[in-house]
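Before any comments, here is the structure.
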Ligand SMILES: *Cc1c(COP(=O)(O)O)cnc(C)c1O
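Residue numbers (my numbering): 26 to 515.
Structure (structure tokens):
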């Protein structure tokens with residue numbers, strides 16, 4: 026057996042693994058935890074002294090790992106905002122992993138990195154000529170990169186190069202609705218602004234930012250000499266899919282001289298459905314915006330994009346400054362004679378990663394496969410699934426809609442006459458759904474109340490799964506209530 030890793034056998038091994046992956050996606054293997062006593066001890070072994078060899082490892086992947094993988098690809102899965110890449114995205118990622126293990130150098134993969142960003146911007150309703158992008162690992166880093174640009178710009182307005190010299194302890198604020206994803210707070214922490222600099226702007230009864238409250242907070246901070254770094258608007262909150270009043274928030278940001286960032290990690294693609302496109306009005310005011318292709322576009326996890334109106338700001342915010350070990354690759358591209366003469370567009374200077382996979386390949390492949398109309402159709406169908414659940418719940422006396430769907434999230438709960446502790450019963454229903462049914466949503470809180478919260482971004486999910494989930498919630502709820510009444514009178 027050779028100890029130098031080889032690529033021979035790649036097609037054969039990928040074929041073997043591909044067969045198992047197809048079976049996993051059907052849900053036929055059931056829940057992996059049921060077999061933990063088998064795969065746990067088989068995998069949790071001491072450091073191997075001798076190698077097992079390629080064939081044995083691939084077989085172990087096929088028979089021990091894959092059948093015991095995550096259930097995110099099953100048709101009934103609708104938890105969090107998690108998706109599983111489809112066939113073309115998976116194949117594209119595998120191709121990029123081998124054929125362009127980095128996003129750099131003047132290759133077809135490097136070109137597709139930029140082409141896919143341009144397509145993605147246009148799909149999301151951004152001006153692809155103005156909003157240039159960079160990929161990163163997810164919404165967390167994408168928000169960090171966008172707010173890094175905001176911080177750079179805010180301090181430059183005041184004569185400070187914050188990337189070089191730091192904030193100097195100046196008081197800063199970032200404004201975001203109370204429903205905003207906490208990665209915004211973490212980004213503020215990492216950027217040295219501090220989590221407490223993120224102002225929680227109150228929301229209305231539909232979980233949208235109250236822009237009058239935003240304006241009042243901006244004015245109060247201005248009077249106190251606080252630097253307004255950015256206003257963050259949600260284009261689809263993670264909890265309920267709410268879309269903040271984008272134009273009004275953007276105008277308030279502009280009036281205060283603050284950067285305007287739109288967090289569309291989940292929902293930016295929603296504007297492809299003309300029935301809600303109007304909710305995105307004002308998107309052109311955004312100085313930056315993010316989207317996670319690994320959510321609604323079903324790209325492989327680890328794929329987010331930040332778009333900024335001027336990549337030079339990103340450069341000033343994130344440059345590593347010249348380094349001898351990178352020197353040769355920064356020669357100008359126009360006189361390149363070899364693909365290795367240049368890194369191409371220096372994405373590594375626009376974010377926080379140097380080594381990075383060519384994430385654009387899978388994004389390019391998905392968009393190439395479906396086209397604008399195909400992606401739009403998926404968005405519409407997913408929104409229809411959420412609307413269907415709301416419709417079913419409204420008609421059923423023991424189901425209640427806690428947050429009307431805007432995009433593809435619907436928050437519901439079980440209810441019954443005289444039921445006092447809704448939260449406890451619905452928490453129990455969720456546990457039973459995950460254990461005993463093929464319907465696998467997650468949960469959140471809406472106005473403090475526990476909600477069962479499916480998010481429909483899974484192309485395998487059908488209307489029958491929506492109806493099945495509703496029926497299962499009622500059936501399990503009735504059973505729990507029935508058992509409690511029986512116990513009470515026993
Ligand atoms: C998912 C999400 C994030 C975080 O993205 P990750 O890819 O999980 O890091 C940020 N903002 C919003 C609105 C999200 O839905």
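We treat Cβ as the ideally placed atom computed from N, Cα and C, and that holds for glycine.
A quick note: this is a predicted structure, and the numbers were derived from the prediction, not measured.
Could you check whether the stretch 421 to 432 touches the stretch 246 to 253, counting it as contact only if at least three pairs of C-beta atoms, one from each stretch, sit closer than 8 Å?
no
Beta-bridge partners of residue 480, as assigned by DSSP
As a first step, residue 480 must be located in the chain shown, where it is residue number 455. In DSSP, residue 480 forms a bridge with 434.
Near ligand 1: residue 206 beta-carbon under 6 Å from a heavy atom
The residue given as residue 206 occupies position 181 in the chain shown. Result yes, Cβ under 6 Å from ligand 1.
Measuring straight from C-alpha to C-alpha, what distance separates residue 172 and residue 66?
For the purposes of this step, residue 172 is taken as residue 147 along the chain shown, with counting starting at 1. For the purposes of this step, residue 66 is taken as residue 41 along the chain shown, with counting starting at 1. Distance between the alpha carbons of residue 172 and residue 66 is about 45 Å.
Is the beta carbon of residue 294 closer than 7 Å to that of residue 149?
For the purposes of this step, residue 149 is taken as residue 124 along the chain shown, with counting starting at 1. For the purposes of this step, residue 294 is taken as residue 269 along the chain shown, with counting starting at 1. Cβ distance < 7 Å, so residue 149 and residue 294 count as in contact.
Less than 6 Å separating the Cβ of residue 263 from some heavy atom of ligand 1?
As a first step, residue 263 must be located in the chain shown, where it is residue number 238. Checking the Cβ of residue 263 against ligand 1 gives yes.
Is residue 490 helix, strand or coil when you go by DSSP?
Here residue 490 is taken as the residue at index 465 of the chain shown, counted from 1. Of the three classes helix, strand and coil, the one that applies to residue 490 here is helix, per DSSP.
Bridge partners for residue 424 per DSSP, in chain order?
Residue numbering aside, residue 424 sits at position 399 when the chain shown is read from its first letter. According to DSSP, residue 424 shares a beta bridge with 439.
Does the beta carbon of residue 219 sit closer than 7 Å to a beta carbon anywhere in chain C?
No chain C appears in this structure, which consists of one protein chain only.
Hey, how far is the Cα of residue 416 from the Cα of residue 388?
Here the question's residue 416 lines up with position 391 in the chain shown. Here the question's residue 388 lines up with position 363 in the chain shown. Near 33 Å, if we compare the C-alpha coordinates of residue 388 and residue 416.
Cβ of residue 165 within 6 Å of any heavy atom in ligand 3?
Of the ligands this structure carries, namely ligand 1, none is ligand 3.
Between the stretch 124 to 140 and the stretch 373 to 392, do three or more beta carbon pairs fall short of 8 Å?
Three or more Cβ pairs drawn from the stretch 124 to 140 and the stretch 373 to 392 lie within less than 8 Å of each other, which places the two stretches in contact.
Going by the C-beta, is residue 54 closer than 6 Å to any heavy atom of ligand 1?
In the chain shown, counting from the first residue as 1, residue 54 sits at position 29. Checking the Cβ of residue 54 against ligand 1 gives no.
Whole-angstrom C-beta distance between residue 391 and residue 322, which should lie under 8 Å:
Here residue 322 is taken as the residue at index 297 of the chain shown, counted from 1. Here residue 391 is taken as the residue at index 366 of the chain shown, counted from 1. With a Cβ gap of about 6 Å, residue 322 and residue 391 count as contacting.
Below 8 Å on the Cβ atoms is my contact criterion, and I expect residue 333 with residue 308 to pass it. Report the Cβ-Cβ distance as a whole number of Å.
Along the chain shown, one-based indexing puts residue 333 at 308. Along the chain shown, one-based indexing puts residue 308 at 283. Wrong, their Cβ atoms sit about 14 Å apart, outside the cutoff.
Can you tell me whether residue 400 is buried or exposed, with buried defined as 16 or more other CB within 10 angstroms of its CB?
As a first step, residue 400 is located in the chain shown; it is residue number 375 there, counting from the start. By the neighbour-count rule (16 or more Cβ atoms within 10 Å), residue 400 is buried.
Could you check if residue 374 is buried or exposed, using at least 16 other CB atoms within 10 Å of its CB as the buried criterion?
For the purposes of this step, residue 374 is taken as residue 349 along the chain shown, with counting starting at 1. With 16 or more other Cβ atoms within 10 Å, it is buried.
Sorted by chain position, which residues of the same chain lie with C-beta nearer than 6 Å to residue 405's C-beta, five sequence neighbours on each side aside?
Residue 405 sits at position 380 when you count from the first residue of the chain shown. For residue 405, where only same-chain residues beyond five positions count, the Cβ hits under 6 Å are 298.
In this structure, does DSSP put residue 508 in helix, strand or coil?
Translated into positions along the chain shown, residue 508 becomes position 483. Three-state result, residue 508: helix.
Can the beta-carbon of residue 303 be found closer than 7 Å to that of residue 432?
Position 278 of the chain shown, counted from the start, is the residue given in the question as residue 303. Position 407 of the chain shown, counted from the start, is the residue given in the question as residue 432. In this structure, residue 432 does not lie closer than 7 Å to residue 303 by Cβ.
Residue 269 vs residue 290 beta-carbon contact at 7 Å
Translated into the one-based positions of the chain shown, residue 269 becomes position 244. Translated into the one-based positions of the chain shown, residue 290 becomes position 265. No, the pair does not count as a contact, with Cβ atoms beyond the cut-off.
Cβ-Cβ separation, residue 494 to residue 466 (assumed contact under 8 Å), whole Å
Mapped onto the chain shown, residue 466 falls at position 441. Mapped onto the chain shown, residue 494 falls at position 469. With 8 Å as the limit, residue 466 and residue 494 qualify as a contact, their Cβ atoms being about 7 Å apart.
With a threshold of 16 other CB atoms inside 10 Å of the CB of residue 61, please say whether the residue is buried or exposed.
Here residue 61 refers to the residue found at position 36 when the chain shown is read from its first residue. Counting Cβ neighbours within 10 Å, residue 61 comes out exposed, since fewer than 16 surround it.
Taking just the CA atoms, how far does residue 194 sit from residue 397?
In the chain shown, the residue the question calls residue 397 occupies position 372. In the chain shown, the residue the question calls residue 194 occupies position 169. The alpha-carbon of residue 397 is positioned some 46 Å away from that of residue 194.
Which value, in whole angstroms, describes the spacing of the CA atoms of residue 486 and residue 166?
Counted from its first residue, the chain shown places residue 486 at position 461. Counted from its first residue, the chain shown places residue 166 at position 141. Rounded to the nearest whole angstrom, the CA to CA distance from residue 486 to residue 166 is 29 Å.
Which residue from 221, 501 and 73 puts its Cα closest to that of residue 196?
For the purposes of this step, residue 196 is identified with residue 171 of the chain shown, where counting begins at 1. Of the candidates 221, 501 and 73, the one whose C-alpha sits nearest the C-alpha of residue 196 is 221.
Below 8 Å on the Cβ atoms is my contact criterion, and I expect residue 154 with residue 330 to pass it. Report the Cβ-Cβ distance as a whole number of Å.
Your numbering for residue 154 matches position 129 in the chain shown. Your numbering for residue 330 matches position 305 in the chain shown. That belief does not hold up - the Cβ atoms of residue 154 and residue 330 are roughly 16 Å apart, past 8 Å.
Could you pull out every residue in the same chain whose Cβ sits closer than 6 Å to the Cβ of residue 218, ignoring the five residues on either side in sequence?
In the chain shown, residue 218 corresponds to position 193, counting from 1. Only 197 meet the Cβ criterion.
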